[in-house]
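By full-length UniProt numbering, the letter at position 584 of the sequence shown is numbered 584, and the numbering carries on one by one without gaps.
C-beta: ideal position from N, C-alpha, C; glycine also.
Remember, it's a predicted structure, so these values are computed and weren't measured experimentally.
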Amino acid sequence: MSGQTAPSPGPRSASTGPNGPLATPTSAPLVNGVANAPVSGTSAPVAAPSGGGGGGMSQQNLNQIVIDYLAKKGYHRTEATLRAESSNQEIPKDGDISPAPKGPPRYYEMFARLRAWTDDALDIYKPEVKRLLWPMFIYSYLSLVKQFYTKDAKMLFQKFSEDFRKEHEYDLRSIEKITLPEHGEDKSAKLYRDNKYRLSLSNSAFIYFMQFLESLPQAGFRLFIEIVEKHLDLRQVERAADDRYSFASIIQRGIDGQDMPAEDEGIPGHRPGNAISSTDPTVGNNLATLKLGKLPLDKEVEEDVRGDLMDLDLAVPPRADQPSLVQVHEQINIKQEDEDEGPTRAEIPFPPSTARDVALEVQKIRENRDRVKIESRTGGIGPGVSVVMYTFHNTHDGICCLDFSGDNNLVAAGFHDSYIRVWTLDGSPLGQPVNGQPQNSQRLVGHSGPVYAVSFSPSSWKPTPDSGSTDAKWLLSSSADGSIRLWSIDAFACVVVYKGHVGPVWSVTWGPFGHYFASAGHDKTARIWMTDHIRNVRFLAGHDDDVDVVAWHPNSSYVFTASSDKTVRMWALNNGNPVRMFTGHTSMITALSCSRNGKILASADDTGVILLWDLGPGRLLKKMRGHGKGGIWSLSWSAESTVLVSGGADCTVRTWDVTGPAKEAAATAAKTDGAAGVGPGGKADGGAGGGAAGGGTGGAGAPASNINLTAGTAGGAPGVGPSVHKKRGKDAVVTSDQISAFLTKQSPVYHVKFTNMNLVIAGGAYLPEQSK
């Protein structure tokens with residue numbers, strides 16, 4: 001047809017429209033006594049409506065005639081619009097003819113009234129009824145879009161979306177792109193449209209909400225009651241003196257500033273703690289039993305370790321107030337009655353043990369006895385923690401990732417320019433001299449894309465030269481080129497390339513005992529590898545978006561993955577099955593770390609929020625806030641699992657009391673950051689001598705890399721002190737779980753790590769242009 005716009009992509013059937021397929025009857029049905037008229041040809045006589053006053057054609061018949069005509073001529077967009085509008089018209093009963101409402105539904109006006117009502121609600125109801133705003137907002141928006149009221153939907157979004165930006169940034173970015181019904185296949189839109197949003201309200205709050213609905217005019221009541229009936233799963237719960245719906249709990253959460261979504265709030269099928277998302281009653285939804293205890297030592301290794309410890313106790317007797325190494329060994333490696341059940345050696349196959357395994361275990365026991373003990377909070381004051389900060393200069397914002405070796409001798413950085421550089425932390429020579437000059441760094445070249453993750457193999461500090469080999473031997477790296485490379489630290493060369501992921505590999509990390517390692521990538525999967533196999537041995541699929549972060553349980557039986565779908569999953573190593581799923585983050589998850597006792601998982605996102613999860617029941621323990629916007633990039637636990645350290649884009653290192661403060665201290669949460677000074681340290685030249693600079697021309701004679709590494713220390717001061725940078729105090733509320741905060745010198749913190757001696761090591765790049 002000349003002058004006619006081409007129809008939009010999609011089904012071309014005349015029976016397809018926004019309201020789904022329409023059945024084709026064998027004989028024309030009667031609606032109010034009126035038969036359908038033919039589409040073309042000579043018009044058939046139209047019967048008068050039964051019981052009606054005069055002959056005429058019903059509105060529904062007329063609509064059907066026009067719809068059939070539009071479908072036959074190919075005007076599918078106009079047909080869809082007419083179907084949507086006609087489906088909302090009710091056929092009036094005899095004697096009840098009233099004019100149809102004109103204009104778009106009054107979602108904007110009704111939502112504004114709902115928002116004002118929640119703002120004016122009594123304090124005992126406000127935290128609960130405010131949770132209604134998000135589902136009512138998103139379903140109002142989607143309803144307007146579905147009915148082609150694009151301008152009204154845009155006005156609703158622009159006016160009220162900022163109220164939900166903090167908790168639902170990811171969903172807002174997705175639904176903002178939905179402006180036509182054709183966009184209904186968007187992942188976020190389908191998630192909300194095809195599922196009911198689950199929300200729990202106390203009985204009194206539920207009645208309070210029903211009273212508000214009844215107070216609305218009829219048009220508004222019908223709009224909201226339709227959303228409640230079709231899209232909400234409101235669950236009434238009883239108030240009790242000790243649960244989260246008691247008056248005291250609700251008021252206390254308001255004081256603490258931790259009014260967050262309940263762990264059972266949201267779309268069903270994403271049950272917190274349960275990786276089984278099926279609603280099929282034939283599929284069991286019981287939580288899998290976990291083995292969170294320690295992995296027992298191999299019998300031969302245990303005998304060798306005991307023998308070496310006895311020799312050390314004889315050579316260097318312990319002090320009077322100090323236990324012997326053998327006693328520490330029995331306390332750590334011999335299962336106690338009150339400890340959780342752990343996996344067996346038969347469940348997780350490892351290669352035969354070596355002398356290095358014995359040396360690593362002996363050194364672990366020595367460090368366990370001699371480390372600085374970090375006790376729980378006493379008298380309302382959190383334990384002090386000391387931090388050593390390593391700052392990289394002249395990086396030109398080229399560093400993607402960092403990792404420190406377990407023996408605290410090396411640091412590796414992955415760059416946008418596809419290479420890796422390894423430094424010694426004390427500035428001592430590393431590798432072979434270049435042109436007769438010793439070098440304290442080595443450059444590893446092999447990837448063909450940005451290096452997104454590096455990970456040193458397990459190692460430990462070597463106390464004496466005659467001790468067994470416990471230093472780092474291997475380095476893993478993952479890249480945008482889709483490959484994982486294994487590098488020898490002794491030869492500074494790539495020895496194996498592992499391929500399997502489709503697209504960039506965002507994260508890779510060694511298992512706690514070596515041999516196994518895990519990776520996560522853009523292809524929505526995580527994979528488990530063994531160093532002696534070039535193909536993955538486990539394929540972990542289930543996330544709906546990129547898998548961004550991967551972490552291990554300390555007994556090596558489980559792997560944790562965090563995805564852009566805002567969920568964390570826990571997988572069993574022995575069979576690759578999911579055993580837990582944690583939902584609660586409202587933004588992209590950027591860091592994961594499991595406590596050393598194997599009972600708690602910490603996850604952090606790009607809004608600066610840290611959530612702690614109890615692995616056994618799969619439930620949320622607490623929420624901690626203090627970091628500014630930009631994300632938390634690294635987490636690490638103390639040896640006792642009582643203190644957590646974090647670092648991120650807001651140029652701070654923060655320590656957190658996991659056990660939490662007393663309730664009476666919760667109200668003292670301040671909106672300021674504590675700060676401790678960062679002292680200058682020595683510089684180590686990172687030049688490779690004669691090599692082309694990353695980001696330079698890369699030609700012959702290009703300047704050598706001029707990246708400098710600076711070390712500084714900061715003492716851990718308990719409590720929260722005044723902020724040096726006042727702007728940062730306005731960005732985020734600091735919960736009372738924070739022990740201390742250390743401001744860096746305009747250096748985003750890429751990696752933090754608790755050593756086995758309970759000292760914190762942190763690393764970042766000096767980027768003054770980004771900190772202004």
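Helix, strand or coil for residue i? Go by DSSP, reduced to three states.
i, result
"Phe742", "strand"
"Thr118", "helix"
"Arg369", "helix"
"His751", "strand"
"Tyr125", "coil"
"Ser143", "helix"
"Tyr149", "coil"
"Ile267", "coil"
"Ile65", "helix"
"Leu621", "strand"
"Asp311", "helix"
"Ala359", "helix"
"Ile334", "coil"
"Gly695", "With a pLDDT of only 33 at Gly695, under the threshold of 50, the placement of this residue in the model should not be trusted; the figure read from the coordinates follows. Looking at Gly695 - three-state DSSP - the assignment turns out to be coil, as it is neither helix nor strand."
"Ala346", "coil"
"Thr509", "strand"
"Ile600", "strand"
"Trp461", "coil"
"Asn756", "coil"
"Val733", "coil"
"Val385", "coil"
"residue 834", "Residue 834 lies beyond the stretch modelled for the chain, which goes from 1 to 772, so this question has no answer here."
Mind checking who residue i pairs with in its DSSP beta bridge?
i, result
"Cys401", "Gly414"
"Gly528", "Inspection of the sequence shows that residue 528 is occupied by Ile rather than by Gly. DSSP output for Ile528 lists Ala518 and Arg538 as bridge partner(s)."
"Gly647", "Ser634 and Val653"
"Pro578", "Trp571"
"His329", "His329 pairs with nothing; no bridge assigned."
"Ile420", "Gly414 and Leu444"
"Tyr558", "Ala572"
"Trp487", "Leu475 and Cys494"
"Ser202", "Val237"
"Val434", "Gln437"
"Phe456", "Leu475"
"Val305", "Bridge partners of Val305: none, in fact."
"residue 780", "Any question about residue 780 goes unanswered here, given that the chain covers just 1 to 772."
"Asp340", "Partner(s): none; Asp340 has no beta bridge."
"Leu592", "Ser603"
"Asp547", "The question names Asp, yet the displayed sequence has Val at residue 547. Paired residues: Ser563."
With a 10 Å radius around its C-beta and 16 neighbouring C-beta atoms as the bar for buried, classify residue i as buried or exposed.
i, result
"Gly764", "buried"
"Asn440", "buried"
"Thr659", "exposed"
"Ala359", "buried"
"Phe517", "buried"
"Ala520", "buried"
"Glu361", "buried"
"Thr642", "buried"
"Ser557", "buried"
"Ile128", "It is Glu, not Ile, that sits at residue 128 in the sequence shown. When all chains shown are included, Glu128 counts as buried."
"Asp152", "buried"
"Thr354", "exposed"
"Ala48", "Confidence at Ala48 is low in this model, with a pLDDT of 39, below 50, so the placement of that residue should be treated as unreliable; the coordinate-derived value is given next. Under this definition Ala48 is an exposed residue."
"Asp565", "buried"
"Phe157", "buried"
"Leu615", "buried"
"Pro25", "Only weak support exists for where Pro25 lies, its pLDDT of 39 falling under 50; the coordinates are left without a value."
"Gln322", "exposed"
"Thr289", "exposed"
Measure the beta-carbon distance from residue i to residue j and round it to whole angstroms, keeping in mind my assumption that it falls under 8 Å.
i, j, result
"Gly628", "Asp605", "With 8 Å as the limit, Gly628 and Asp605 do not qualify as a contact, their Cβ atoms being about 13 Å apart."
"His501", "Lys524", "Not quite, the Cβ-Cβ distance comes to about 10 Å (not below 8 Å), so this is no contact."
"Leu223", "Pro105", "6 Å"
"Leu442", "Phe404", "Position check: residue 442 holds Gln in this sequence, whereas Leu was assumed. Actually they are not in contact, since the Cβ atoms of Gln442 and Phe404 sit about 16 Å apart, beyond 8 Å."
"Leu444", "Val422", "7 Å"
"Ala541", "Ser507", "With a Cβ gap of about 16 Å, Ala541 and Ser507 do not count as contacting."
"Ser188", "Asp171", "5 Å"
"Gly293", "Asp370", "That belief does not hold up - the Cβ atoms of Gly293 and Asp370 are roughly 25 Å apart, past 8 Å."
"Arg356", "Ser469", "5 Å"
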